[in-house]
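A.B. asks: The sequence shown runs 4 to 269 under this note's numbering. Where is the CB? At the ideal position from N, CA and C, for every residue including glycine. Just so it is clear, the structure is predicted and the values come from calculations on it, not from any experiment. First the structure, then my questions, so here it is.
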Amino acid sequence: MCHQLPLRNCFWIAVPIKATPVKDVQFLDIDHMEGNRDFTYDPKRFNGLIEYINKTRDAYGLKWIIILDPAIEAVKDYSVYESGLQNDVFIKRSPIWKEDMFPEELRNNNVTYGKVWPETHVAFPNFLDDKAKNWWINTIVDYHKKLPFDGLWIDMNEPSNFGTNEDKPFYCENKPKCWSLKCPNSPYDDPPYNPLKDSGSERISKMTLCMESIHSSETINYRHYDVHSIYGWSQSQPTLEYYAYFLSFDILKQNLNETKFQCLTP
């Protein structure tokens, strides 16, 4: 049962009052966010969330873990996206692509856009670039000052993208105007051997980004084709660094210092 719980969704985070808690961790999936945007929570549906996190942590030792996807919604007045543009942290477009590949309102930005859970288009951080890593860590630090979570659950970092190369993705239903990412033919998006063909995918960019997308840094550029398999790892590294250096987890600092290496070479 719920006890003095200000949240409407109290049935799934109830904590027993006169007994040892039967749970020690509570996860918050994307439904706690405002418009499915990273680094936000819905103040109407989750009114009193901060107070409840603090109360259950102090009274029962309950730990709270929030989800973060790498995809950042590309809309004005969303500070996370705007700071990402200003710091040039997102995966870029191939120079061989045509301008009309992306929605008109986004064509001026050298960013590979896609679509996942937020309502509109999204951009993906290039975690192989140091400035993107620093931006990600600082964004986590700033958000923790607002919402006192204990852990992070990073998800969708294959990276996932909905409707790649599809004319009518599921999210376009009942929408007269709807955009999806369509990858131009190339040796990288259409290699001689397609390991996904037996599973029904004619192109290796299915449900992810175009292989010609560019991960750029000050020293070298990579096609997404070359680094797709380490994208999840590349997001994990700065997320772990946040815990090690900003929350003073000494054991993580030691492990990071012992395992850092240059996995990519020109």
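Are MET214 and ARG226 touching if we call contact CB-CB under 9 Å?
C.D. replies: Your numbering for residue 214 matches position 211 in the sequence shown. Your numbering for residue 226 matches position 223 in the sequence shown. In contact: MET214 and ARG226 (Cβ atoms closer than 9 Å).
A.B. asks: Determine, using beta carbons only, whether LEU243 comes closer than 9 Å to chain C.
C.D. replies: Among the chains in the structure shown there is no chain C, since it carries only a single protein chain.
A.B. asks: Taking the straight line between their C-alpha atoms, what separation do you get for VAL144 and PRO195?
C.D. replies: If you number the sequence shown from 1, residue 144 lands on position 141. If you number the sequence shown from 1, residue 195 lands on position 192. Distance between the alpha carbons of VAL144 and PRO195 is about 44 Å.
A.B. asks: What are the complete alpha helix (DSSP H) segments, minimum 4 residues, inside the stretch 62 to 129?
C.D. replies: 82 to 89
A.B. asks: Output the boundary residues of the beta strand (DSSP E) element that contains ILE157.
C.D. replies: By one-based count along the sequence shown, residue 157 stands at place 154. From DSSP, the beta strand (DSSP E) with ILE157 extends over 154 to 157.
A.B. asks: So, at 6 Å on beta carbons, what are the nonlocal neighbours of TRP182 in its own chain, with the 5 sequence-adjacent residues on each side left out?
C.D. replies: Numbered from its first residue, the sequence shown carries residue 182 at position 179. PRO106, listed in sequence order.
A.B. asks: Quick one: what does DSSP say VAL144 is sitting in, helix, strand or coil?
C.D. replies: Translated into positions along the sequence shown, residue 144 becomes position 141. VAL144 falls in the helix class under three-state DSSP.
A.B. asks: Helix or strand or just coil, what does DSSP make of CYS13?
C.D. replies: Along the sequence shown, one-based indexing puts residue 13 at 10. Low confidence applies here, because CYS13 scores a pLDDT of 42, under 50, leaving its location unreliable; read the following figure in that light. Looking at CYS13 - three-state DSSP - the assignment turns out to be helix.
A.B. asks: Do you know offhand how far PHE49's Cα is from LEU150's?
C.D. replies: On the sequence shown, position 46 is the one that residue 49 refers to. On the sequence shown, position 147 is the one that residue 150 refers to. PHE49 and LEU150: Cα-Cα distance of roughly 12 Å.
A.B. asks: What separation, rounded to the nearest whole angstrom, lies between the Cα atoms of HIS218 and LYS95?
C.D. replies: Locating residue 218 in the sequence shown gives position 215, where the first residue counts as 1. Locating residue 95 in the sequence shown gives position 92, where the first residue counts as 1. Cα to Cα, the separation comes out at about 6 Å.
A.B. asks: Classify ILE68 as buried or exposed, calling it buried when 16 or more other Cβ atoms lie within 10 Å of its own Cβ.
C.D. replies: On the sequence shown, residue 68 is found 65 positions in, with the first residue counted as 1. In this structure ILE68 is exposed. Its beta-carbon is surrounded by fewer than 16 other beta-carbon atoms within 10 angstroms.
A.B. asks: Could you tell me whether the Cβ atoms of ILE99 and GLU244 are closer together than 9 Å?
C.D. replies: Position 96 of the sequence shown, counted from the start, is the residue given in the question as residue 99. Position 241 of the sequence shown, counted from the start, is the residue given in the question as residue 244. In this structure, GLU244 does not lie closer than 9 Å to ILE99 by Cβ.
A.B. asks: Can you give me the C-alpha to C-alpha distance between ARG206 and SER232, rounded to a whole angstrom?
C.D. replies: Taking the sequence shown and counting its residues from 1, the one referred to as residue 206 is at position 203. Taking the sequence shown and counting its residues from 1, the one referred to as residue 232 is at position 229. Each residue's alpha carbon lies about 16 Å from the other.
A.B. asks: Give the range of the alpha helix (DSSP H) segment to which VAL28 is assigned.
C.D. replies: If you number the sequence shown from 1, residue 28 lands on position 25. Unbroken run through VAL28 is the beta strand (DSSP E), 28 to 31; no alpha helix (DSSP H).
A.B. asks: Label ALA62 either buried or exposed according to how many other C-beta atoms from any shown protein chain fall within 10 Å of its C-beta, with 16 as the threshold for buried.
C.D. replies: In the sequence shown, counting from the first residue as 1, residue 62 sits at position 59. By the neighbour-count rule (16 or more Cβ atoms within 10 Å), ALA62 is not buried but exposed.
A.B. asks: Roughly how many whole angstroms lie between the Cα atoms of PRO153 and ASN90?
C.D. replies: The residue you call residue 153 lines up with position 150 of the sequence shown. The residue you call residue 90 lines up with position 87 of the sequence shown. Here the sequence assigns Asp to residue 153, which means Pro is not the residue at that position. When rounded, the separation of the alpha-carbon atoms in ASP153 and ASN90 is 27 Å.
A.B. asks: Find out if the Cβ-Cβ distance for the pair ILE75, PHE127 is shorter than 9 Å.
C.D. replies: If you number the sequence shown from 1, residue 75 lands on position 72. If you number the sequence shown from 1, residue 127 lands on position 124. Taking 9 Å as the cut-off, the Cβ atoms of ILE75 and PHE127 count as close.
A.B. asks: Determine the burial state of PHE42: buried for a count of at least 16 other Cβ atoms within 10 Å of its Cβ, exposed for fewer.
C.D. replies: What you label residue 42 is simply residue 39 of the sequence shown in a count that begins at 1. Its Cβ being crowded by 16 or more others within 10 Å, PHE42 is buried.
A.B. asks: Can you list, in chain order, the residues of its chain with a C-beta nearer than 7 Å to that of GLU102? Leave out the 5 residues immediately preceding and following it.
C.D. replies: Translated into positions along the sequence shown, residue 102 becomes position 99. If we look at GLU102 and ignore the five residues flanking it on each side, its Cβ neighbours are ARG110.
A.B. asks: Within this structure, are the beta carbons of LYS136 and PRO241 separated by less than 9 Å?
C.D. replies: Residue 136 sits at position 133 when you count from the first residue of the sequence shown. Residue 241 sits at position 238 when you count from the first residue of the sequence shown. Yes, the pair counts as a contact, with Cβ atoms nearer than the cut-off.
A.B. asks: Over the uninterrupted alpha helix (DSSP H) stretch that includes HIS274, give me the two end residues.
C.D. replies: Examination of residue 274 is not possible in this model, given that the chain is present from 4 through 269 alone.
A.B. asks: Whose C-alpha, out of LYS47, ASP229, VAL125, is nearest the C-alpha of ASN112?
C.D. replies: Here residue 112 refers to the residue found at position 109 when the sequence shown is read from its first residue. For the options LYS47, ASP229, VAL125, the alpha carbon positioned closest to that of ASN112 is the one of VAL125.
A.B. asks: Under the three-state reduction of DSSP, which class applies to ASN137: helix, strand or coil?
C.D. replies: Indexing the sequence shown from 1 puts residue 137 at position 134. Reduced to three states, the DSSP call for ASN137 is helix.
A.B. asks: Let me make sure I understand the geometry here. Which of GLU161, MET36, LEU88 has the alpha-carbon closest to that of TRP138?
C.D. replies: For the purposes of this step, residue 138 is identified with residue 135 of the sequence shown, where counting begins at 1. Closest by alpha carbon: LEU88.
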